[in-house]
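> My structure is below; once you've seen it, I'll send some questions.
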Amino acid sequence: VTISVFDVEGRRVATIANQTYVAGIHSVRWTGQDDAGRAVPSGTYLVQMETGDGTEAGKISLVR
29 VTISVFDVEG
39 RRVATIANQT
49 YVAGIHSVRW
59 TGQDDAGRAV
69 PSGTYLVQME
79 TGDGTEAGKI
89 SLVR
C-alpha cells in the first residue's frame, strides 16, 4: 500500500505509507508535514492510495 499526499497543482508533498499490510482495517495519520519534515500551509490536498487492487483518491483540508 502506498498513500501519498499531493498539493492542488499535483506535486507530491508527502508519502505517509509505503508498506505491506495484512488484510483488515488500518489507519495512518498525516502530521501536515512534507517528506523533509517541514510544515505545509493550510489548504486543500489530494490523498491517493495505491494497492494491488487499484487506486483511490480523495480531498482533505488541512487547517492550522
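Basically the numbering used here = 1-based index in the sequence shown + 28.
The beta carbon of each residue, even a glycine, is placed where N, CA and C say it ideally should be.
(1) For V77, which residues in the same chain have their Cβ closer than 6 Å to its Cβ, ignoring the five residues on either side in sequence?
(2) Can you list, in chain order, the residues of its chain with a C-beta nearer than 7 Å to that of D62? Leave out the 5 residues immediately preceding and following it.
(3) On the criterion of 16 or more Cβ atoms from any shown chain inside 10 Å, does Y73 qualify as buried, or is it exposed?
(4) Short check: CB of G71 to CB of L90, under 8 Å?
(5) In the DSSP assignment, what residue or residues form a beta bridge with Q76?
Walking through what the data contain:
(1) Within the sequence shown, the letter at position 49 stands for residue 77. For clarity, residue 77 is Met in the given sequence; the question names Val instead. The residues are I31 and E84.
(2) On the sequence shown, position 34 is the one that residue 62 refers to. The answer, listed in chain order, is V41, A42 and V68.
(3) On the sequence shown, residue 73 is found 45 positions in, with the first residue counted as 1. Y73 should be labelled buried.
(4) Position 43 of the sequence shown holds residue 71. Position 62 of the sequence shown holds residue 90. Yes, they are a contact pair.
(5) Taking the sequence shown and counting its residues from 1, one reaches residue 76 at position 48. Beta-bridge pairing links Q76 to S32 and A85.
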